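Single-structure report; data block below.
Numbering (this note's numbering), first residue to last: 21 to 227.
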């Protein structure tokens, strides 16, 4: 995806309204869940091609093909972390292992405590979308999403939940946790799509 040229006074590589962050602040809603490996699993369900669902325990999830991507993280609170290396399982892997039905247009990514974030299928299947288990070669900490978090570099970071537990294939869009609470349904940082009042017709379901 192309990035617009920076305006005078803005730093190259930063979306409008963002500031460069050297460290990695901890931001999330609710408590940090306690990881219990014997109870943890990750599932794909919903409108799958064969109508079935599939899940992986932590050992099986850790054995899936490991990839690295370089991608930014843009928080809606206006900090951006540029050029991080994320390691884990690219989202396309799950689309190959459990193909969606032809009519699937969106996914809902589910995380601990029932947290959810909706994405268009085209955003989910983008080459840099990854279920990250590592950052810059180091395992994620619990505060940053261990054992796995979704990273969608071309969307605001709320679209990439921490502590992910599964993906639901959907044939129609449905708003996730923050999208129901006033955040933009698409969340493109380059267009500064922060809040639902900025939405245009076709950007998402009615609130």
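Every residue, glycine too, gets a C-beta built ideally from N, C-alpha and C.
From a predicted model like this one, the values you see are computed outputs, not experimental measurements.
Distance between residue 162 and residue 78, taken at the CA atoms: about 15 angstroms. Membership of residue 74 in the beta strand (DSSP E) is indicated by the continuous run 74-77.
In the three-state scheme derived from DSSP, where H, G and I count as helix and E and B as strand, residue 203 is classed as strand. Contact holds between the region 165-183 and the region 53-73, because three or more Cβ pairs, one in each stretch, are under 8 angstroms apart.
Here residue 130 is bridged, per DSSP, to 136 and 186. Of the candidates 53, 110, 194 and 224, the residue whose Cα lies closest to the Cα of residue 153 is 110. Where residue 143 is concerned, the enclosing alpha helix (DSSP H) starts and stops at 141-144. Under DSSP, residue 179 takes part in no beta bridge, so it has no partner. Here the C-alpha atom of residue 147 lies approximately 16 angstroms from the C-alpha atom of residue 176. In the structure shown, the three-state DSSP call for residue 55 is coil. The residues 162 and 163, in chain order, have a CB closer than 7 angstroms to that of residue 52 in the same chain once the five nearest residues on each side in sequence are set aside.
Beyond the five residues adjoining it in sequence on each side, residue 107 comes within less than 6 angstroms, by CB distance, of 88 and 154 in the same chain, given in chain order.
If you draw a straight line from the Cα of residue 100 to the Cα of residue 180, it is about 14 angstroms long. Per DSSP, the beta-bridge partners of residue 215 are 203.
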